[in-house]
Amino acid sequence: MIIYKLKDYAEMSKKAALIIASQVNLKPNSVLGLATGSTPVETYKQIIKLYKDGNVDFEKVVAFNLDEYKGLKKENDQSYHYFMRDNLFNHININPNNTHIPDGSNMDAKHVCEEYENKINNLGPIDLQVLGIGLNGHIGFNEPDEHFTSKTNLVKLTKSTIDANSRFFDNINDVPTEAYTMGIGSIMKAKCIMLLASGESKADIIAQSFKGKITPLVPASILQMHPNVILIGDEAALSKLN
Ligand code: PGA
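Below, the structure written as structure tokens:
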């Protein structure tokens, strides 16, 4: 595992953007796994800058996002479809047909999950998977559970996740309670996984995930089993990891 401990959120984001750009420069038709949430926002800004400065080209890149709320249409400004267009896709030259996110507006969970997993298998493997981490150790929306999930699946969000995500909604009752997410198995198939963490609030869960026992109760702890993980955090987030 490679660990980059950067001074702050800005430095963390620059490093993450450089790694993503390097991946695409080394392999222009890379398959990227992308994440939403507040953590990667500045990374995406830095990628847009690298693109506008002519340092990276996304024409042949394929992207898979980790997850999407069930019940939200693509146009909903809280959907992850909207987030990705707004924060990244609309500002770089990626082909929209090459961007994949589970269809939250489709309530047929079995169909959505099977179709998404098949797409990953057909177009993958994912070369570089970007991850954030939830306060409870979730990756994608794979919440703490008795088992690690394997494939793309429908999850019921925990209270901790709903509370954490309510900051993006006008009213906590508007936060969807279910989501489609790539499974832990789908994530672990990526050739390289890069997890980003920023801020003191993530320090405990980062230490538990990377120094603690491997357990589905801390979903990110499975990353200890992956041969090619890059952990990029700021000093606050990595403060409890020696
Ligand atoms: P955050 O969310 O980046 O907004 O902290 C991360 C996550 O829940 O996976």
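Per our numbering, the sequence shown starts with residue 6, numbered consecutively. Ideal placement from N, C-alpha and C gives every residue a C-beta, glycine not left out. Note that this is a predicted model, so its numbers are computed, not measured.
Closer than 8 Å: residue i CB and nearest ligand 1 heavy atom
i: residue 139; result: yes
i: residue 164; result: no
i: residue 207; result: yes
i: residue 184; result: no
i: residue 42; result: yes
i: residue 181; result: no
i: residue 169; result: yes
i: residue 224; result: no
i: residue 237; result: no
i: residue 45; result: yes
Rounded Cβ spacing between residue i and residue j (contact assumed at less than 8 Å)
i: residue 158; j: residue 148; result: Contact doesn't hold; Cβ gap of about 11 Å is too wide.
i: residue 17; j: residue 238; result: 6 Å
Status (buried if at least 16 other CB within 10 Å, exposed otherwise) for residue i
i: residue 57; result: exposed
i: residue 115; result: exposed
i: residue 82; result: exposed
i: residue 64; result: exposed
i: residue 95; result: exposed
i: residue 205; result: exposed
i: residue 112; result: exposed
From the options, residue whose alpha carbon lies closest to that of residue i
i: residue 66; options: 204, 13, 129, 112; result: 129
i: residue 34; options: 153, 97, 233, 103; result: 103
i: residue 69; options: 138, 123, 172; result: 123
i: residue 169; options: 185, 17, 42; result: 42
i: residue 144; options: 55, 48, 40, 12; result: 40
i: residue 88; options: 125, 100, 49, 117; result: 49
i: residue 195; options: 221, 136, 92; result: 136
i: residue 80; options: 13, 109, 165; result: 109
Any non-hydrogen atom of ligand 3 within 8 Å of residue i CB
i: residue 136; result: Looking at this structure, you won't find ligand 3 anywhere; what it does contain is ligand 1.
C-beta neighbour in chain C for residue i, strict 9 Å
i: residue 103; result: Going by chain labels, chain C is absent from the structure shown, which holds only one protein chain.
Output the residue ranges of the alpha helix (DSSP H) runs that lie fully inside the stretch 160-221 and measure 4 residues or longer, sorted by chain position. 164-170, 189-193, 208-216
Write down every uninterrupted run of the alpha helix (DSSP H) in the stretch 43-87 whose length is 4 residues or greater and which is fully enclosed by it, in chain order. 46-57
Suppose only complete runs of 4+ residues qualify. What are the alpha helix (DSSP H) ranges in the stretch 95-123, listed by chain order? The stretch 95-123 contains no whole alpha helix (DSSP H) run of 4 or more residues.
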